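Asks: Right, I'll just put the structure down here and ask away after.
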Amino acid sequence: MCLSLVYRYRVDLSVSDQTDEAVFVAFDLGMAKLTNIQPAEATHSVGVNARVDKDFPQFIADIVGKTFTFQLKLGEFSLTF
32 MCLSLVYRYR
42 VDLSVSDQTD
52 EAVFVAFDLG
62 MAKLTNIQPA
72 EATHSVGVNA
82 RVDKDFPQFI
92 ADIVGKTFTF
102 QLKLGEFSLT
112 F
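In this note's numbering, the protein residues as written are 32 to 112.
In structure tokens:
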């Protein structure tokens, strides 16, 4: 029997500007694009099931405070209130 591991990103990003605030949940490809770090690399530096609330790993700290433009693709079930 052969097992393979699949590492996945899931990061909650709190974002705000002068008019509003929101939380984006970013997964695999989106986080890899923001950080240039693949999920397997992130897992090795942070650990599995890590909850990083205050001390960010360097690859996350590098994006804190930067300005990004997000393109949203919202479907019928994308919005929750």
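Backbone N, C-alpha and C fix where the C-beta goes; we use that ideal spot for every residue, glycine too.
Computed from a predicted structure; not experimentally measured.
Along the beta strand (DSSP E) that carries D51, what are the first and last residues, could you check?
Replies: No beta strand (DSSP E) contains D51, which DSSP labels as neither H nor E.
Asks: Which word fits T100, buried or exposed, when buried means at least 16 other C-beta atoms lie within 10 angstroms of its C-beta?
Replies: With fewer than 16 other Cβ atoms within 10 Å, it is exposed.
Asks: Excluding the 5 residues flanking F87 on each side, which residues of the same chain have their C-beta closer than 7 Å to its C-beta?
Replies: Taken in chain order, the residues that qualify are V95.
Asks: Using a 10 Å radius around the Cβ and a threshold of 16 neighbouring Cβ atoms, would you call L124 buried or exposed?
Replies: As shown, the chain starts at 32 and ends at 112. That puts residue 124 outside it, with no answer to give.
Asks: Quick check on the DSSP output: the alpha helix (DSSP H) that includes L65 runs from which residue to which?
Replies: L65 -> alpha helix (DSSP H) spans 59–66.
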